[in-house]
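In our numbering, the protein residues as written are 2 to 399. Yeah, the Cβ is synthetic: ideal placement off N, Cα and C, and Gly gets one too. If you're wondering where the values come from, they're calculated on a predicted model, not measured in any experiment.
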Ligand code: ADP
């Protein structure tokens, strides 16, 4: 049984066709420059060289058509008929206060998706374009929306409410939603399987550390808290995002720089994080790591502040859950940055966390990096959002 997973941006579309019997990727690819000159599809059949197809894609509909053409192609294709694709799973970003779980998309759901688009104006409309394109190119096939915010909908009011006038929550849905939910759910679920403890009680902290980054804590797979908020700007220091900042500092920046709130939030989203803290070295942790090794003091402070903030969230979440059984690192930095993991865990010895340096010398693979004596198990667990979306899709349509 094959599931097509689609992740649509405003001018891009990533896809994977997954065989669910073996959970293996049959083919994957990326359409770029949709709606502008020079549209290109890069398609890779697993085990083969990639194929580059340059064809006009004035809209997402042509992009989805080209994806199906590539999947059906006699040379680089992997299916002989569209009937082989059982359903299509879509990464959808913001489900607002409406969607607490993945959903099969019909007319009503599309209307609701439009209604919550205010909360993610860059992402939700693009996600909807992808769904509508699939409806046109593959009529009758079920489309499932898998929300980045669904995992965070498991939080209790004490976690998700901001201490602002309550009517603002009721009227506009202003609350903490959290993002990277598909990844947090997937990794925490896999860690629960590894933990060998009663499933409903396992306390897990997942550090999803990529360019965008967030931490979550969950008990038995139910989200207790997560670090991103109404938007993905909150929480950890990220590649270019500031993470948590005093709103008073935002007002002061606006006054001092003589700019409006939109411009200020743009600075917080695009020019801050380790890019800003390192004095503009880079938003890429590898570059900042190199600069720090070369003695750049700003880069050193940027990396230490980053690790300190992650460790701070872990401590907060241990308190919220009254304990922790396992901590997992995932995404680009979490999976690959050996020093970042060691640095973060050096703040956690009070929890009885003990890292095995040899075991931590690992990149991009599942590994227990804590010693056998460590009171809390620490893992590296590569995230796989596409597989998580495919699993969700199958769960809904089966
Ligand atoms: P996103 O999906 O948010 O764009 P990723 O999960 O792909 O991000 O992570 C990208 C980040 O991972 C990059 O900023 C890069 O700094 C970091 N990264 C990748 N490989 C390494 C490595 N070997 N060491 C340190 N950082 C790494």
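Just to confirm, are residue i and residue j a CB contact at a threshold of 8 Å?
{"i": "residue 341", "j": "residue 380", "result": "no"}
{"i": "residue 307", "j": "residue 280", "result": "no"}
{"i": "residue 377", "j": "residue 353", "result": "yes"}
{"i": "residue 3", "j": "residue 86", "result": "yes"}
{"i": "residue 153", "j": "residue 177", "result": "yes"}
{"i": "residue 124", "j": "residue 7", "result": "no"}
{"i": "residue 270", "j": "residue 241", "result": "yes"}
{"i": "residue 382", "j": "residue 188", "result": "yes"}
{"i": "residue 103", "j": "residue 151", "result": "yes"}
{"i": "residue 207", "j": "residue 236", "result": "no"}
{"i": "residue 61", "j": "residue 14", "result": "yes"}
{"i": "residue 135", "j": "residue 89", "result": "yes"}
{"i": "residue 43", "j": "residue 31", "result": "yes"}
{"i": "residue 255", "j": "residue 318", "result": "no"}
{"i": "residue 201", "j": "residue 155", "result": "no"}
{"i": "residue 147", "j": "residue 394", "result": "yes"}
{"i": "residue 274", "j": "residue 239", "result": "yes"}
{"i": "residue 361", "j": "residue 390", "result": "no"}
{"i": "residue 72", "j": "residue 127", "result": "no"}
{"i": "residue 194", "j": "residue 325", "result": "no"}
{"i": "residue 179", "j": "residue 332", "result": "no"}
{"i": "residue 209", "j": "residue 335", "result": "yes"}
By the three-class DSSP mapping on this structure, what secondary structure does residue i have?
{"i": "residue 23", "result": "coil"}
{"i": "residue 121", "result": "coil"}
{"i": "residue 164", "result": "coil"}
{"i": "residue 135", "result": "helix"}
{"i": "residue 91", "result": "strand"}
{"i": "residue 327", "result": "strand"}
{"i": "residue 28", "result": "strand"}
{"i": "residue 171", "result": "helix"}
{"i": "residue 43", "result": "strand"}
{"i": "residue 320", "result": "helix"}
{"i": "residue 218", "result": "strand"}
{"i": "residue 206", "result": "strand"}
{"i": "residue 142", "result": "coil"}
{"i": "residue 348", "result": "coil"}
{"i": "residue 178", "result": "coil"}
{"i": "residue 112", "result": "helix"}
{"i": "residue 394", "result": "helix"}
{"i": "residue 338", "result": "coil"}
{"i": "residue 382", "result": "coil"}
{"i": "residue 251", "result": "helix"}
{"i": "residue 14", "result": "strand"}
{"i": "residue 371", "result": "strand"}
{"i": "residue 49", "result": "coil"}
{"i": "residue 8", "result": "strand"}
{"i": "residue 56", "result": "coil"}
{"i": "residue 157", "result": "coil"}
Please report the distance separating the alpha-carbon of residue i from that of residue j.
{"i": "residue 131", "j": "residue 294", "result": "44 Å"}
{"i": "residue 225", "j": "residue 327", "result": "15 Å"}
{"i": "residue 175", "j": "residue 116", "result": "14 Å"}
{"i": "residue 159", "j": "residue 16", "result": "37 Å"}
{"i": "residue 55", "j": "residue 45", "result": "14 Å"}
{"i": "residue 372", "j": "residue 192", "result": "16 Å"}
{"i": "residue 265", "j": "residue 229", "result": "19 Å"}
{"i": "residue 183", "j": "residue 214", "result": "13 Å"}
{"i": "residue 346", "j": "residue 110", "result": "43 Å"}
{"i": "residue 285", "j": "residue 63", "result": "33 Å"}
{"i": "residue 106", "j": "residue 289", "result": "43 Å"}
{"i": "residue 351", "j": "residue 320", "result": "13 Å"}
{"i": "residue 57", "j": "residue 39", "result": "7 Å"}
{"i": "residue 99", "j": "residue 122", "result": "16 Å"}
{"i": "residue 190", "j": "residue 65", "result": "31 Å"}
{"i": "residue 252", "j": "residue 355", "result": "42 Å"}
{"i": "residue 407", "j": "residue 305", "result": "With the chain represented from 2 up to 399, any question about residue 407 goes unanswered, as that position is not in the structure."}
{"i": "residue 165", "j": "residue 248", "result": "13 Å"}
{"i": "residue 233", "j": "residue 311", "result": "16 Å"}
{"i": "residue 20", "j": "residue 398", "result": "15 Å"}
{"i": "residue 142", "j": "residue 260", "result": "48 Å"}
{"i": "residue 370", "j": "residue 97", "result": "36 Å"}
{"i": "residue 387", "j": "residue 231", "result": "24 Å"}
{"i": "residue 244", "j": "residue 348", "result": "20 Å"}
{"i": "residue 291", "j": "residue 157", "result": "42 Å"}
- Check each residue's C-beta against every heavy atom of the ligand ADP and list, in chain order, those closer than 7 Å. 211, 212, 213, 240, 284, 285, 286, 287, 290, 332, 333, 334, 337, 338, 341, 364
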